[in-house]
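In my numbering, the protein residues as written are 2 to 320.
The beta-carbon is built from N, C-alpha and C at its ideal position, and this holds for glycine as well.
Since we're looking at a predicted model, the values are computed, not measured.
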């Protein structure tokens, strides 16, 4: 079952929230939506789940309009605000939600127990929701989203506001769920997406800035790489390394006239790996290499770069 968005635009009055978003998601994928606040993540989620209609453009879930009742029933949705009724008991609330989702009376008890066990909330079923910790309320929200065994699980900022332990427990739970359903995870926490998702879509100012695996996004959007070379030398190294074709910049620390143990940072164009050439020149000069590695490029690095470039104001009207 695929989810497809084609040139989706969304206006809230004169303000444009989405400006031509397109992507396709296959069954079983775990996809993270990244973006700064106001990038359009929540709007995309609400359109995909049928809570909002696009101003124009087209969204399809298995070829169907997501606003159709039959299509919406295939989703489990945890909204960012997770608006649980604080005065209800957990079991009462989940039974009520099961009924709304069309689960028959004879199946309600089994369905509630199943999601309670999965989300580790069985012990709090008799308790008042308002008396639970935020992390436990988040688990109740996840249990609600799983009622009816949805094909697609949509999670909007599921770890926002949680302490480190609660966030870790929530991530572990999402990781277990990802194998059984298509998971769409909206977050401004890059670590969550890197840990949980095989694919990321970065949004900025209502458009798609990047789409692919974290490695693919990094490789496609980095202009240069850095080789970190640790050596012991009996002479200055900067001038000798400048002779290597492809070197853009060289920094040496400590930058003494005749260093002994030094760390050299050499930048090169992306796709140009000079480690073999650097190793050869070290051997020729009699420098002892104690370490050499390619500095990793992180999704956070690329995210900052893309969103910094994209700090433009969306159009205030249709053009």
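Out of the options, which one is the CA nearest neighbour of residue i?
i	options	result
residue 181	8, 245, 19 and 30	30
residue 213	80, 198 and 293	198
residue 44	62, 241, 11 and 84	11
residue 119	263, 7 and 170	170
residue 207	27, 70 and 46	46
residue 145	115, 173 and 165	115
residue 299	194, 280, 282 and 283	194
residue 176	159, 189, 296 and 164	159
residue 295	243, 276 and 179	276
residue 189	28, 6 and 38	38
residue 4	130, 59, 284 and 53	59
residue 68	109, 238 and 49	49
residue 192	168, 174 and 179	168
Could you pull the start and end residues of the alpha helix (DSSP H) that residue i belongs to?
i	result
residue 245	Note, residue 245: premise wrong, no alpha helix (DSSP H); not H, not E.
residue 270	Residue 270 -> not in any alpha helix (DSSP H); beta strand (DSSP E) instead, spanning 262-270.
residue 130	Per DSSP, residue 130 belongs to no alpha helix (DSSP H) and is neither H nor E.
residue 38	Counting along the chain, residue 38 falls outside any alpha helix (DSSP H), and DSSP gives it neither H nor E.
Should residue i go down as buried or exposed, given a rule of 16 or more other Cβ atoms within 10 Å for buried?
i	result
residue 229	exposed
residue 289	exposed
residue 78	buried
residue 107	exposed
residue 157	buried
residue 127	exposed
residue 25	exposed
residue 166	exposed
residue 309	exposed
residue 131	exposed
I'd like the list of long-range same chain contacts for residue i, defined as Cβ closer than 6 angstroms, with 5 residues on each side in sequence excluded.
i	result
residue 273	247
residue 264	231 and 254
residue 184	31 and 154
residue 34	42, 187 and 202
residue 57	10
residue 250	268
Sorted by chain position, which residues of the same chain lie with C-beta nearer than 8 angstroms to residue i's C-beta, five sequence neighbours on each side aside?
i	result
residue 211	201, 202, 203, 218, 221, 222, 303 and 307
residue 148	77, 95, 98, 99, 102, 104, 112, 113 and 116
residue 162	135
Spatial neighbours of residue i within its chain, please: CB distance less than 7 angstroms, with the 5 preceding and 5 following residues excluded, ordered by chain position.
i	result
residue 233	261, 262, 288, 289 and 291
residue 278	245
residue 241	282 and 286
residue 196	172
So residue i is in the beta strand (DSSP E); what residue range does that whole segment cover?
i	result
residue 31	31-35
residue 45	No beta strand (DSSP E) holds residue 45; the alpha helix (DSSP H) holding it covers 42-49.
residue 167	Not the beta strand (DSSP E): residue 167 falls in the alpha helix (DSSP H), residues 165-178.
Round the Cβ separation of residue i and residue j to the nearest angstrom and send it over; I've been treating them as touching at under 8 angstroms.
i	j	result
residue 51	residue 16	About 22 angstroms separates the two Cβ atoms, so there is no contact after all.
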